[in-house]
Amino acid sequence: MTYFSAVITLTYFMDYSKTVNLPKTDFPMRANLVQREPEMLKSWESENIFRKMSELHAGGPRFTLHDGPPYANGHIHLGTAFNKILKDIAVRSQMREGKQALFRPGWDCHGMPIEHQVMQKSGRKKAEVDPVSFRKEAAEYAKKFVEIQKKEFQRLGVYGEWNNPYLTLLPEYEAQEVRIFADLSLAGYIYRGKRPIYWCTHCETALAEAEIEYKDLSTDSIYTLFPLAGDPQKLLSGAENTFFLVWTTTPWTLPANVALLVHPELNYSLVEFEGRNIILAENLIPVVFSKVGKKATLRQTNIKGKELTTLLAKHPFLERNVPVIPANFVSAEDGSGIVHSAPGHGEEDFLVGKEHNLPVLSPVNETGRFTADVPEWQGISVWDANPLIVQKLRDNNCLLFSEEISHSYPTCWRCKNPVIFRATEQWFLNVDHQDLRRRMIKATEEIKFFPPESQHRMEGMLETRPDWCLSRQRHWGIPVPILFCRDCKKPLMEERKVFERIAEVFSREGSDSWFKKEANDFVPKDVSCACGSNRFEKEKDILDVWFDSGVSWAGVLEGAGSCPADLYLEGSDQHRGWFQTSLITSMATREKAPFRQVLTHGFMVDESGRKMSKSLGNVISSEEVLKEFGADIVRLWAAGQDYGSDIKTSLHGFKVVAEQYRTIRNTLRFILGNISDFNPEEDAIKKENLLPVDRWALAEVSRFQAEAFSGYQNFSFYRVAGQIYDFCNLTLSAFYLDILKDRLYTYSKNSPERRSGQTALYHIGELLIDLLAPILVFTAEEAWRYLPRRKSDPESIHLRGHENFQEFKDETLTVAFNEFFGLRKEILKTIEDVRAQGEIGSSLEAKVDVKVNPELLLKLAPLLLEKYLKELLIVSEAEISANPKSSEPEIIVNRTNLPKCPRCWVHHNEIGRSSAYPDLCPKCADAVSSLQNVM
RNA sequence: GGGCUCAUAGCUCAGUUGGCAGAGCACUGUGCUGAUAACGCAGGGGUGGAAGGUUCGAAUCCUUCUGAGCCCA
901 MTYFSAVITL TYFMDYSKTV NLPKTDFPMR ANLVQREPEM LKSWESENIF RKMSELHAGG
961 PRFTLHDGPP YANGHIHLGT AFNKILKDIA VRSQMREGKQ ALFRPGWDCH GMPIEHQVMQ
1021 KSGRKKAEVD PVSFRKEAAE YAKKFVEIQK KEFQRLGVYG EWNNPYLTLL PEYEAQEVRI
1081 FADLSLAGYI YRGKRPIYWC THCETALAEA EIEYKDLSTD SIYTLFPLAG DPQKLLSGAE
1141 NTFFLVWTTT PWTLPANVAL LVHPELNYSL VEFEGRNIIL AENLIPVVFS KVGKKATLRQ
1201 TNIKGKELTT LLAKHPFLER NVPVIPANFV SAEDGSGIVH SAPGHGEEDF LVGKEHNLPV
1261 LSPVNETGRF TADVPEWQGI SVWDANPLIV QKLRDNNCLL FSEEISHSYP TCWRCKNPVI
1321 FRATEQWFLN VDHQDLRRRM IKATEEIKFF PPESQHRMEG MLETRPDWCL SRQRHWGIPV
1381 PILFCRDCKK PLMEERKVFE RIAEVFSREG SDSWFKKEAN DFVPKDVSCA CGSNRFEKEK
1441 DILDVWFDSG VSWAGVLEGA GSCPADLYLE GSDQHRGWFQ TSLITSMATR EKAPFRQVLT
1501 HGFMVDESGR KMSKSLGNVI SSEEVLKEFG ADIVRLWAAG QDYGSDIKTS LHGFKVVAEQ
1561 YRTIRNTLRF ILGNISDFNP EEDAIKKENL LPVDRWALAE VSRFQAEAFS GYQNFSFYRV
1621 AGQIYDFCNL TLSAFYLDIL KDRLYTYSKN SPERRSGQTA LYHIGELLID LLAPILVFTA
1681 EEAWRYLPRR KSDPESIHLR GHENFQEFKD ETLTVAFNEF FGLRKEILKT IEDVRAQGEI
1741 GSSLEAKVDV KVNPELLLKL APLLLEKYLK ELLIVSEAEI SANPKSSEPE IIVNRTNLPK
1801 CPRCWVHHNE IGRSSAYPDL CPKCADAVSS LQNVM
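So the number in my numbering is just where the residue sits in the first sequence, counting from 1, plus 900.
Here it is, written out as structure tokens:
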């Protein structure tokens, strides 16, 4: 008996397994991206695909994404890769919408990091360097990394004009930068002024705001006493022996002190302590004297800060009387509520000082040592002077007490040493000239920000940003294009001819010419100084590297007729950086913003949400993941991130993405395998003749497409990626493809049922490849090569626009199927129970009886369940009927008693109807006989 | 210290206007062996960062705190 049945089964299996239409495709299951992607890149190159892409919609509406230039130093990291991939997806998705989308990548080539590297390599110091040969080395260094990074971006599949990138060191770019500087200068935005700026005493240079890192450092926190020098309005009851309690964390700035600052609305008090009267903020009395450890006696209260401004104070160790001035930034939480002010050594102090016409003292030289203006400590560095000054205060009996506190302190981003504020002569851009600041804030209201909160952030930063210090005392950059009169020292700032000459020379010979030529080479013969002299000398400072990139709209977009750009897309740090510098230069010279839309993304952080940094050792390199997973995985990862907040990144995360990729790839493979014998031009079934479930599948296609389109339009790539994955996983794998298998495999090749399913599958395949194309640029192309083609189809998916599937929309079917899925879940649960009891294994062994209330049955009518229910449930017998009494569906599942068709494995009541194939069900008999007719 | 943002299952995240906490992955069980280095089904898993408050009712609104990120001081 056992022997007999085994032989029979084996016989049937051998026979019929060859008659079913199993999936057939050479599209490999294993992606092998690391090897296959470089081959694909070569084939794109040999077929000029990128060039054809750029020509695809020539003359049509344009989409310009302007590349924020990465810094040409080192290899790209995951953050750089992420940024460029987002840009690429934006560009490609717009291109697929029918726009002419060009992307010209750029690099930022000047600036400190490169200068620092080159300087270190040669072991030289700034003063010892010959600018011309040094700049040559720096340029080579930058170009080397441009090439390295270019290859790395290309390997990621990023589309762009790689043969024509913009570099901030190209002569034409430099010339354009001079022209913008000229426009700014002629319009009155540029001024030379003494002003406290961040100064690194180690690197001996001014630093931009962007070049500052804050670190926790321990510093002196001292409470010093400034004697009262005058009380003309007799505000204080006993003015004898009275002192201001003044708090500072930078004792070395006391020699530059010119005022005391109080908060105008804060309440101050007079206390008696060890025979002296002391003024300080009322609410800080307990804190201060608990630190001193002794009690003070309250003498007078409720003195408003603004009343104190009538008083005069005496400097604790210099022969100088200083005024008391109101300032809103004085804190009532720390110190004493009275701070000392040195406009030469602090930004806020400077602004208050400017308002009250205070002198700007800065008796510190470029190495951070006191000048002759401070004879007592001349030649001593400010860091070494701190304890000496504290001692001096103590000697003068002017120190209440001192302590050490830890607080965040600005340090130099290169050398990591603490920096100081020091007033020097610098070139500035006045951000309030001609109401620029207001105009910029207004302009941001017209710009679309992604995410929208980003606009507030930008606005807030514009409100408070100080004038832009444009000059740097370095070698590697574009020179400040200013000439001075050798005789009267006046700068030549209003002669357009001079700027034009400089720009013209730069465009031919590059900005190196500034260092090679004489000043007079840049001055036309007919130009002379107002004083009559025509002997000139060159400015020695160079421009801030942020000015380089800040004029890229002029250097890149204007010439191409693409300004303003449609999109700037950068990390959120660029609110203060590139977005703002670009906005400033453009609003000042062109009266308009250089971008219509701005997208910002978060930063890479590790699994526990901490910033990736070399010192923490939690950095994941782009190369590492690329080598292990391939570019499409990195791209799918990038697409899948909600860039609005920070991006948590781990190797495990990439493995999860790789799994998602496999799901998508397998889905594609299944589709391709099942339509390998389908010719869309001959075999497609008309919409009205499709089976209900196939029409529903296409309705889903139209719905999914509309959603994905809107996702791409809003640059919500992570939504698109999620939708694609859910579509593959939930709509297709878990339902549609599963129920389709019986039809695809067992119906005869050319049957309407099978062709109906294939028609839907073909469109699903088209759509998937289409929607994947901007993200999985390699895999989409690979799949495209295996998809049956129409005659009109191009050789590359990247040259094909969208197929529109909106005609397949079918609200009735969609609603009906949603009802069905609720019911199906219940039925599947019941089948699982029966399976758990050991009654059935395969669901094809099940017989399902369902009773539902008539309303539900009516809703399900479009599905034609009386005919298709068993197919939709993948069971052999299924009946559904109405029962007015049942509010919940009644589901009964049993094992079927019908015999099994050995070909399609469905249990069937009509087996043997065909005399030629007595063991088969009618459908299978038909299929096999038609097969033999063909043979 | 200030501005903006984030915190929901082991992981990645949904959750529209306050109304029964949801997906995928992972895990466990299981089916199939005609997507097979695949695919299906089911299940367990949560003090919603913490503490208060408003409300009949809070993941959602308010306050404070904690941790994290960007920017600024």
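Beta carbons are placed, not taken as given, at the ideal position from N, Cα and C, and that holds for glycine.
Note that the structure is predicted; figures quoted are calculated from it, not measured.
My guess is that residue i and residue j are in contact by the Cβ rule of under 8 Å, so how many angstroms apart are they, rounded?
i, j, result
"P1155", "P1263", "6 Å"
"R1795", "K1747", "7 Å"
"R1127", "K1021", "Looking at the sequence itself, residue 1127 is Pro, so the reference to Arg does not match. No, P1127 and K1021 are not in contact; Cβ-Cβ is about 55 Å, not under 8 Å."
"I1320", "V1290", "Their Cβ separation, rounded to whole angstroms, is 17 Å, which puts I1320 and V1290 out of contact at 8 Å."
"A1584", "T1659", "5 Å"
"R1396", "L1086", "6 Å"
"L1180", "S1169", "7 Å"
"N1574", "L1644", "5 Å"
"E1304", "D1546", "Wrong, their Cβ atoms sit about 34 Å apart, outside the cutoff."
"I989", "A1539", "6 Å"
"L1336", "A1488", "6 Å"
Name the residue from the options whose alpha carbon lies nearest to the alpha carbon of residue i.
i, options, result
"P1494", "M1340, F1350 and L1536", "M1340"
"E1810", "P1799, C1804 and A1816", "P1799"
"T1500", "Q1658, R1357 and A1430", "R1357"
"D1542", "C1801, A1621, E1418 and R996", "A1621"
"N1157", "T1124, W1453, N1589 and R1176", "T1124"
"D1444", "F1422, T1679 and Q1373", "Q1373"
"G1088", "C1801, I1080 and T1567", "I1080"
"V1904", "E1755, C1388 and A1673", "Within the shown structure, residues of the chain are numbered from 901 to 1835, placing residue 1904 beyond reach of any answer."
"P969", "R962, F963, T980 and G959", "T980"
"W1414", "W1062, N1434, K1438 and E1276", "K1438"
"F1350", "F1615, L1756, R930 and L941", "F1615"
"Q1706", "T1150, E1766, A990 and A1599", "A1599"
Could you give the first and the last residue of the continuous alpha helix (DSSP H) run that contains residue i?
i, result
"Y1865", "Since the first and last residues shown for the chain are 901 and 1835, residue 1865 lies out of range."
"K1043", "P1031 to R1055"
"A1838", "Since the first and last residues shown for the chain are 901 and 1835, residue 1838 lies out of range."
"S954", "I949 to E955"
"K1555", "L1551 to N1574"
"I1347", "Neither: I1347 is in no alpha helix (DSSP H) and is coded neither H nor E."
"P1287", "V1282 to D1295"
"D1749", "That residue, D1749, is in no alpha helix (DSSP H); its beta strand (DSSP E) goes A1746 to V1752."
Check for me: the beta strand (DSSP E) holding residue i runs from which residue to which?
i, result
"T964", "R962 to H966"
"H1356", "Looking at the DSSP string, H1356 is not in any beta strand (DSSP E); the run it does join, the alpha helix (DSSP H), is S1354 to T1364."
"L1499", "Q1497 to H1501"
"P1226", "N1221 to P1226"
"N1202", "T1197 to K1204"
"H1307", "L1299 to C1312"
"L1795", "Position check: residue 1795 holds Arg in this sequence, whereas Leu was assumed. Its beta strand (DSSP E) spans residues E1790 to R1795."
"I1639", "Per DSSP, I1639 belongs to no beta strand (DSSP E); it is in the alpha helix (DSSP H), L1637 to T1646."
"G1130", "I1112 to G1130"
"K1438", "F1436 to K1438"
"Q1326", "I1320 to L1329"
Are there three or more Cβ pairs, one per stretch, closer than 8 Å when the region 973 to 991 is compared with the region 1440 to 1458? These segments do not touch.
Please specify which runs of the beta strand (DSSP E), each continuous and at least 3 residues long, are wholly inside the region 1234 to 1267, giving them in chain order. Every beta strand (DSSP E) of 3 residues or more that sits fully in the region 1234 to 1267 is shown, in chain order, as 1238 to 1241.
Contact between the region 1224 to 1242 and the region 1163 to 1181 is defined here as three or more beta-carbon pairs at a separation below 8 Å; is this criterion met? Yes: at least three Cβ pairs fall under 8 Å.
Return the chain-ordered ranges of every beta strand (DSSP E) run that is complete within the region 1071 to 1104 and spans a minimum of 3 residues. Taking only runs of at least 3 residues, the beta strand (DSSP E) segments lying wholly in the region 1071 to 1104 are 1090 to 1100.
Along the chain, which unbroken stretches of the beta strand (DSSP E) at least 3 residues long are found entirely within the region 1146 to 1175? You should have 1159 to 1162 and 1167 to 1173.
Could you tell me whether the region 949 to 965 touches the region 1042 to 1052, where touching means 3 or more Cβ pairs closer than 8 Å? The region 949 to 965 and the region 1042 to 1052 do not touch, with fewer than 3 CB-CB distances between them shorter than 8 Å.
Using a Cβ distance threshold of 8 Å, determine whether the region 1647 to 1663 contacts the region 1816 to 1833, with at least three qualifying pairs required. Per the Cβ contact rule, the region 1647 to 1663 is in contact with the region 1816 to 1833 (3 or more Cβ pairs under 8 Å).
Ordered list of beta strand (DSSP E) runs contained in the region 1443 to 1480, each at least 3 residues: The qualifying runs are 1467 to 1471.
Across the region 1407 to 1425 and the region 916 to 930, are there enough close Cβ pairs to call them in contact, namely three or more that are closer than 8 Å? These segments do not touch.
The region 1581 to 1600 touching the region 1627 to 1645, judged by at least three CB pairs closer than 8 Å: Contact between the region 1581 to 1600 and the region 1627 to 1645 is present: 3 or more CB-CB pairs across the two stretches fall below 8 Å.
Between the region 1515 to 1532 and the region 928 to 939, are three or more C-beta pairs nearer than 8 Å? With the cut-off at 8 Å, the region 1515 to 1532 and the region 928 to 939 touch.
The region 1761 to 1776 touching the region 1719 to 1732, judged by at least three CB pairs closer than 8 Å: Pairwise C-beta distances place the region 1761 to 1776 in contact with the region 1719 to 1732, as three or more of them are shorter than 8 Å.
Beta strand (DSSP E) runs contained entirely in the region 1366 to 1441, provided each spans 3 or more residues: Runs of the beta strand (DSSP E) lying entirely within the region 1366 to 1441, each at least 3 residues long, are 1383 to 1385 and 1436 to 1438 in chain order.
Could you check whether the region 1689 to 1709 touches the region 1663 to 1673, counting it as contact only if at least three pairs of C-beta atoms, one from each stretch, sit closer than 8 Å? The region 1689 to 1709, when compared against the region 1663 to 1673, does touch it at the 8 Å Cβ threshold.
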